[in-house]
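Novice: Number 18 in UniProt numbering belongs to position 18 of the sequence shown; there are no gaps in the numbering.
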Amino acid sequence: MKKYDVIIVGAGVIGSAAAYNLAKKNLDVLVLEKEEIGIGGSSRNGGGVRQSARKAEELPLAIYAVNNIWPNLEKELGVNIEYHQEGNLRLGKTEAHRQILADIVAQGQAQGLELELIKRDEIKKICPYISDEVQYASYCPTDGHANPMKTTLAYYKKALELGVKFITGEEVTSVLIKEGKIAGVKTKTDSYSSQKVILAAGYESKFIADSLGIEIPMRKLLVEVLVTEPRELMFDQMIGTAGSDFYGHQSEHGSFVFGGMTGNEPYQFDQKRRVTLKRTAPSISRAILNYFPLLKDLNVIRTWSGFLDQTPDHLPIISRVEEIDNFYLACGFSGHGFGIAPAVGELIADLAAEEDPALNLSSFKYDRFHPKS
Numbered sequence: 001m002k003k004y005d006v007i008i009v010g011a012g013v014i015g016s017a018a019a020y021n022l023a024k025k026n027l028d029v030l031v032l033e034k035e036e037i038g039i040g041g042s043s044r045n046g047g048g049v050r051q052s053a054r055k056a057e058e059l060p061l062a063i064y065a066v067n068n069i070w071p072n073l074e075k076e077l078g079v080n081i082e083y084h085q086e087g088n089l090r091l092g093k094t095e096a097h098r099q100i101l102a103d104i105v106a107q108g109q110a111q112g113l114e115l116e117l118i119k120r121d122e123i124k125k126i127c128p129y130i131s132d133e134v135q136y137a138s139y140c141p142t143d144g145h146a147n148p149m150k151t152t153l154a155y156y157k158k159a160l161e162l163g164v165k166f167i168t169g170e171e172v173t174s175v176l177i178k179e180g181k182i183a184g185v186k187t188k189t190d191s192y193s194s195q196k197v198i199l200a201a202g203y204e205s206k207f208i209a210d211s212l213g214i215e216i217p218m219r220k221l222l223v224e225v226l227v228t229e230p231r232e233l234m235f236d237q238m239i240g241t242a243g244s245d246f247y248g249h250q251s252e253h254g255s256f257v258f259g260g261m262t263g264n265e266p267y268q269f270d271q272k273r274r275v276t277l278k279r280t281a282p283s284i285s286r287a288i289l290n291y292f293p294l295l296k297d298l299n300v301i302r303t304w305s306g307f308l309d310q311t312p313d314h315l316p317i318i319s320r321v322e323e324i325d326n327f328y329l330a331c332g333f334s335g336h337g338f339g340i341a342p343a344v345g346e347l348i349a350d351l352a353a354e355e356d357p358a359l360n361l362s363s364f365k366y367d368r369f370h371p372k373s
């Protein structure tokens, strides 16, 4: 049986970015994916590359990605990933919204982020199509958006070129231990040998880690996105709201990609199916029209849904597992992992290569939820 330097479980944007970064270090890497490349949350998100409105612990990851990786990523990977850095507008209408936005601005500014609270006239200069009812917005000019599927596949393609082996349709069921050390992974049909394993399989990481007695508290949450017919370019900012009722952007080919939730998503349903609920698209559409009434005649051409892996504190787990040598976790991104994925791929690769990562990852340790003795 061939022995790999590192096995990665999960071929989403995190797993593919980690594989690429490990391959750059001349390590022999195997990536196992139970479905297809990027079929999960990596391709089922709004594409936001934002620093604004992140928790204080997570913001350094986003700033690092935007300052050091995203601007050159298209050239590095050799694929048009549709990265646009034209800012993020988070919109508000009421005094309650203004306070939410002011808190976001204050928190970002405290960590050195270029972020300001602006009023209607300034908002209109940036995006003239917004409703006159919008009174306030937080504005981060260095935020942006990219194409999630193209980005994931670009990492995959480049990792392949560097010698990484990907096997799809191979569901990992457990991590193998021999004489108290990582020995590889077991799938439903085979086993693979390595002394290092990175678990980057989203919500499914919870069950694979459980095979070693490692508890990862996460829940699976359904989110949905709608895609419209194309229009001439109206704006290039990433859009959100103080009330978090929708988010999205206009793509390069003119379609709008908007996501959101009704607030009444069921938690008990067939967790294996990515369903779309009949009430969600109308709910998102109503929210959009409250801010962009000019889009009222635009046709929705398709909808899709996906799951996010949400931790109790909404922060990711990017961590070495102390109890087991050479076992690493990169999961629990709680619906905002895409924008920081290039940074996470680099940092988790550094951990697995036993190098010092560029950032302090202590806020993302897997055992932060466990009672301290």
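Note that CB positions come from ideal geometry on N, CA and C, so glycine has one too.
Tell me whether residue 149 sits in a helix, a strand or coil according to DSSP, three-state version.
Specialist: Counted from its first residue, the sequence shown places residue 149 at position 149. Reduced to three states, the DSSP call for residue 149 is helix.
Novice: Which value, in whole angstroms, describes the spacing of the CA atoms of residue 10 and residue 121?
Specialist: Counting from one through the sequence shown, the residue named residue 10 turns up at place 10. Counting from one through the sequence shown, the residue named residue 121 turns up at place 121. Rounded to whole angstroms, residue 10 to residue 121 spans 46 Å at the Cα level.
Novice: Check whether the Cβ atoms of residue 185 and residue 7 lie closer than 8 Å to each other.
Specialist: Position 185 of the sequence shown, counted from the first residue, corresponds to residue 185. Position 7 of the sequence shown, counted from the first residue, corresponds to residue 7. Against a cut-off of 8 Å, the Cβ pair of residue 7 and residue 185 comes out as a contact.
Novice: Could you spell out the range, first to last residue, of the alpha helix (DSSP H) harbouring residue 288?
Specialist: In the sequence shown, counting from the first residue as 1, residue 288 sits at position 288. From DSSP, the alpha helix (DSSP H) with residue 288 extends over 280-291.
Novice: Can you tell me the Cβ-Cβ gap for residue 70 and residue 357, rounded? I've got them flagged as a contact below 8 Å.
Specialist: By one-based count along the sequence shown, residue 70 stands at place 70. By one-based count along the sequence shown, residue 357 stands at place 357. The Cβ separation is near 18 Å, so there is no contact.
Novice: Closer than 8 Å is the cut-off here; do at least three beta carbon pairs connect the segment 152-163 with the segment 241-252?
Specialist: Contact fails: fewer than three Cβ-Cβ distances are below 8 Å.
Novice: Between which residues of its own chain and residue 28 is the CB-CB distance below 6 Å, once the five residues before and five after are set aside?
Specialist: Taking the sequence shown and counting its residues from 1, the one referred to as residue 28 is at position 28. Closer than 6 Å at the Cβ level, and outside the excluded window around residue 28, lie 4, 5.
Novice: Could you name each continuous beta strand (DSSP E) segment of 3 residues or more that falls completely within the segment 105-138, going from the start of the chain to the end?
Specialist: Taking only runs of at least 3 residues, the beta strand (DSSP E) segments lying wholly in the segment 105-138 are 116-119.
Novice: Compute the Euclidean distance between the alpha carbons of residue 390 and residue 30, then round it to the nearest angstrom.
Specialist: Lying before the first or after the last residue shown, residue 390 is absent from the chain, which here runs from 1 to 373.
Novice: Determine whether the Cβ of residue 292 lies closer than 8 Å to any Cβ atom of chain C.
Specialist: Among the protein chains of the structure shown there is no chain C, as only one such chain exists.
Novice: Can you tell me where the alpha helix (DSSP H) with residue 16 in it begins and where it stops?
Specialist: For the purposes of this step, residue 16 is taken as the residue at position 16 of the sequence shown. Note, residue 16: alpha helix (DSSP H), 13-24.
Novice: Leaving out five residues before and five after residue 101 in sequence, what residues of the same chain have Cβ atoms less than 8 Å from its Cβ?
Specialist: In the sequence shown, counting from the first residue as 1, residue 101 sits at position 101. Cβ within range, chain order: 90, 92, 117, 136, 137, 138, 242.
Novice: Roughly how many angstroms lie between the CA atoms of residue 57 and residue 41, to the nearest whole one?
Specialist: For the purposes of this step, residue 57 is taken as residue 57 along the sequence shown, with counting starting at 1. For the purposes of this step, residue 41 is taken as residue 41 along the sequence shown, with counting starting at 1. Near 22 Å, if we compare the C-alpha coordinates of residue 41 and residue 57.
Novice: Should the segment 181-197 be called in touch with the segment 320-336, which here means at least 3 C-beta pairs below 8 Å?
Specialist: In short, these stretches touch, since the Cβ pair count reaches three.
Novice: To the nearest angstrom, report how far apart residue 188 and residue 298 are at their CA atoms.
Specialist: Counted from its first residue, the sequence shown places residue 188 at position 188. Counted from its first residue, the sequence shown places residue 298 at position 298. So the alpha carbons of these two residues sit roughly 46 Å apart.
Novice: With DSSP collapsed to three states, give me the class of residue 7.
Specialist: Taking the first residue of the sequence shown as 1, we reach residue 7 at position 7. Strand at residue 7.
Novice: Closer than 8 Å is the cut-off here; do at least three beta carbon pairs connect the segment 207-221 with the segment 360-373?
Specialist: A contact exists between the segment 207-221 and the segment 360-373.
Novice: Go to residue 183, then tell me how far its beta strand (DSSP E) extends in each direction, as first and last residue.
Specialist: Within the sequence shown, residue 183 is the residue found at index 183, counting from 1. Looking at the DSSP string, the run of the beta strand (DSSP E) that includes residue 183 is 181-187.
Novice: Give me the residue from 51, 204, 372, 292 with the minimum Cα distance to residue 128.
Specialist: For the purposes of this step, residue 128 is taken as residue 128 along the sequence shown, with counting starting at 1. Residue 292 is the option with its Cα nearest to residue 128.
Novice: Residue 254: which of 245, 236, 240, 260 sits nearest, CA to CA?
Specialist: Taking the sequence shown and counting its residues from 1, one reaches residue 254 at position 254. Nearest C-alpha to residue 254: 236.
Novice: Among 16, 25, 258, which residue has its Cα nearest to the Cα of residue 305?
Specialist: The residue you call residue 305 lines up with position 305 of the sequence shown. Measuring from the Cα of residue 305, the nearest candidate turns out to be 258.
Novice: So, residue 87 versus residue 126, is the Cβ gap smaller than 8 Å?
Specialist: Taking the sequence shown and counting its residues from 1, the one referred to as residue 87 is at position 87. Taking the sequence shown and counting its residues from 1, the one referred to as residue 126 is at position 126. Contact: yes.
Novice: Nearest to residue 79 by alpha carbon, out of 150, 206, 177, 337?
Specialist: Numbered from 1 along the sequence shown, position 79 holds the residue referred to as residue 79. If we check each option's Cα against that of residue 79, 150 comes out closest.
Novice: Under 8 Å between the Cβ atoms of residue 168 and residue 37?
Specialist: Counting from one through the sequence shown, the residue named residue 168 turns up at place 168. Counting from one through the sequence shown, the residue named residue 37 turns up at place 37. Cβ distance < 8 Å, so residue 168 and residue 37 count as in contact.
Novice: So, with DSSP's three-state summary, where would you put residue 310?
Specialist: As a position in the sequence shown, residue 310 is number 310, starting the count at 1. It is a strand residue.
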